[in-house]
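Chains as they are written, first to last, in the working numbering: chain A, 1 to 282; chain B, 283 to 564.
Number of protein chains: 2
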Amino acid sequence: MVKVVDGRAIKREILDEIKKEIRDMVSKGYRKPRVATILVGENKESEIFLRLKDKACDYAGIDHIHLRYPESVSEEKILKDIERLNNDEEIDGISVQFPLPNHISSNLILSSIPPDKDVESLNPSNLGRTILGNADLVPCTPGAVMEILEREGVNLKGKDVVVINHSPIIGRPLSQLLLSKDATVTICHVHTKGLEDHTRKADVLITATGVPRLIKRDHVKEGSVVIDVGIRKTEEGIIGDVDFEEVKGRASLITPVPGGVGPVTIAMFIRNLFRIYRRRMG
Amino acid sequence: MVKVVDGRAIKREILDEIKKEIRDMVSKGYRKPRVATILVGENKESEIFLRLKDKACDYAGIDHIHLRYPESVSEEKILKDIERLNNDEEIDGISVQFPLPNHISSNLILSSIPPDKDVESLNPSNLGRTILGNADLVPCTPGAVMEILEREGVNLKGKDVVVINHSPIIGRPLSQLLLSKDATVTICHVHTKGLEDHTRKADVLITATGVPRLIKRDHVKEGSVVIDVGIRKTEEGIIGDVDFEEVKGRASLITPVPGGVGPVTIAMFIRNLFRIYRRRMG
């Protein structure tokens, strides 16, 4: 029998715990945590994510502000504002909503966010700790995947894990978190030849391509764990990378879309912010 | 016909180029580059590496000093000395020779080396740039592997690359450098089940286990590239991970041990140091 992961329940559990801890700290006289999010231009998916983050912040008792810029904003202007937020004692976390327009260097922006306010954990120094295996903050999506695997009791040691995504935000840091658990990790992507040869051998398959229903029954091993990070808005609604109806008959554990990795990603954002806040409050 | 990589020739070429550039800078009035190496306790392999690095420094025109500590030295003492070296304008690079005794936290020591003097490129912030794909300095052994593949014209895009090693110093940053070239990357290690199933499919096999002659003819694919990072001192002399005599009949390109990756690793150390020096001299 396949088990379907309830991402919303995991999110609620994490948020409830953090909400309680924040309430305790505020009752002891500490100010509320506060996060600033930078948004450039108009992007529907960014807006959806931002609304979900704001809602989770409200629920947990976290203040949030937005800095919105037109598509044409200069890199310099954003860097200056990040520096101001960095110097602002009342701001615990700084988040940049991706994607950014092409004329703005993502790497430069990420490097400019100080590691100790880096709620998305994408500053080089926080990313590097995923390689060293001593990360306290981890990027939200990889963190969500690891949280689900841990909560569902998936032992990764010696398992063949295949990740389809090699971006610096998802697949690359995720590979490091999986290696820290002694999994054998294969990273596939758009340039991979014979993708099915890899996926069919995976004890755990994690896919984040954004290609709706790419992964069919034939792509997965009997009894495997299938984690679907893909999100694509279509006329039928939000669709993941995995053909859920086909694959659920073959997997032992599967995440749905929506309601799987997505909500837990929001919870990881809140958890990173809370960890930063708690550290800053001493 | 198999091609055997001449690591010593690659090293010489890189050192000759850097030697010339240093001579040019010194003739313009700049001081010579200078590196400080920290050594704790007695370790034969560390001593061998240190001698090779010193020799390469002498050849290229780089000053070097050693800070030697007994096995019993405190973490605090080393951290204090690193801080002093950090503040010393005349020191361009700080290197810590691994392994360290168990009572000293490698991660703490690595984090304490400032990214802009981090000649081994193992500070979290420099490691993180391998994930972001914009690393200027890279750890020496992964850098040597990439340098050999590039000089030998191995196109990695879409190739199946298997790495046997998941340490933060070799396999983990190497995986990121390979992903930056759009290879499909599998990281194996001591917990991997069915190692041969992975290695037999590798277009490029990179092994760093330290188990002498682990990799036999049957482990590698016909026409593949085999890079041997293993170094083990035995009664027969220095032996790599690969059974060279068996495998050379099957591979299209192979690195010997000694004389393969090792010398290029030394050259990468010198190149990192030179890059730091040039940046510091403006």
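Every residue gets a Cβ at the ideal spot worked out from N, C-alpha and C, and that includes glycine.
- No Cβ-Cβ contact shorter than 8 Å links residue 208 of chain A with residue 239 of chain A.
- Using a CB distance cut-off of 8 Å, residue 68 of chain A does not count as an interface residue toward chain B.
- Annotation for residue 552 of chain B: the continuous alpha helix (DSSP H) segment containing it runs 543 to 562.
- Scanning the segment 84 to 122 of chain A for uninterrupted beta strand (DSSP E) segments of 3 residues or longer gives 93 to 96, listed from N- to C-terminal end.
- In this structure, DSSP gives residue 314 of chain B a state outside helix and strand, which the three-state scheme calls coil.
- The C-beta of residue 18 of chain A comes no closer than 8 Å to any C-beta of chain B.
- At least 8 Å separates the beta-carbon of residue 5 of chain A from that of residue 186 of chain A.
- Identification of residues in the segment 412 to 434 of chain B having a C-beta nearer than 8 Å to some C-beta of chain A yields 412, 413, 414, 415 and 416, given in sequence order.
- The segment 5 to 89 of chain A contains, as complete alpha helix (DSSP H) runs of 4+ residues, the segments 7 to 27, 44 to 60 and 75 to 87 (chain order).
- A Cβ of chain B is located within less than 8 Å of the beta carbon of residue 158 of chain A.
- Taking the Cβ atoms as the reference, residue 273 of chain A lies roughly 6 Å from residue 33 of chain A, within the contact range of under 8 Å.
- By the 16-neighbour rule on beta-carbons within 10 angstroms, residue 348 of chain B is exposed.
- Contacts with chain B (Cβ-Cβ distance below 9 Å) from the segment 207 to 240 of chain A involve no residue at all.
- The Cβ of residue 117 of chain A sits no closer than 8 Å to any Cβ of chain B.
- Sequence-distant Cβ neighbours of residue 251 of chain A in its own chain, meaning closer than 7 Å and more than five residues away, are 2, 220, 224, 225 and 226.
- Beta-bridge pairing by DSSP links residue 466 of chain B to B:442.
- CA-to-CA, the gap between residue 127 of chain A and residue 169 of chain A works out to about 9 Å.
- In summary, residue 335 of chain B is buried, with 16 or more beta-carbon neighbours lying within 10 Å of its beta-carbon over all protein chains present.
- Checking the DSSP bridge columns, you'll see residue 228 of chain A partnered with A:207.
- At a cut-off of 8 Å between beta-carbon atoms, residue 557 of chain B makes no contact with chain A.
- A check of alpha carbon separations from residue 282 of chain A across A:203, A:69, A:30 and A:87 identifies A:30 as the nearest.
- Comparing alpha-carbon positions, the option among A:49, A:22, A:12 and A:41 lying closest to residue 233 of chain A turns out to be A:49.
- Residue 102 of chain A and residue 45 of chain A have their alpha carbons spaced roughly 17 Å apart.
- If you look at residue 239 of chain A, you'll find it in the beta strand (DSSP E) that goes 237 to 239.
- Between residue 465 of chain B and residue 443 of chain B, the CB-CB gap stays under 8 Å.
- With contacts defined as CB atoms closer than 8 Å, residue 319 of chain B and residue 426 of chain B fail to qualify as a contacting pair.
- Residues of chain B whose Cβ lies closer than 7 Å to the Cβ of residue 193 of chain A are, in chain order, 440.
- Residues of chain B with a Cβ closer than 8 Å to the Cβ of residue 126 of chain A are, in chain order, 406 and 410.
- Here the alpha carbons of residue 249 of chain A and residue 86 of chain A stand approximately 50 Å from one another.
- Looking at B:431, B:436, B:403 and B:413, the one whose alpha-carbon comes closest to that of residue 420 of chain B is B:403.
- In chain order, 489, 523 and 524 place their CB closer than 6 Å to the CB of residue 497 of chain B, counting only its own chain and leaving out the 5 sequence neighbours on each side.
- Cβ-Cβ separation between residue 172 of chain A and residue 413 of chain B: approximately 5 Å, consistent with a contact (criterion under 8 Å).
- Nearest to residue 95 of chain A by alpha-carbon distance, out of A:119, A:61 and A:114, is A:119.
- Against chain A, the CB of residue 334 of chain B has no partner CB under 8 Å away; the residue lies outside that interface.
- In the DSSP secondary-structure assignment, residue 460 of chain B is not bridged to any residue.
- In this structure residue 210 of chain A is in contact with residue 231 of chain A, their Cβ atoms being roughly 7 Å apart against a cut-off of 8 Å.
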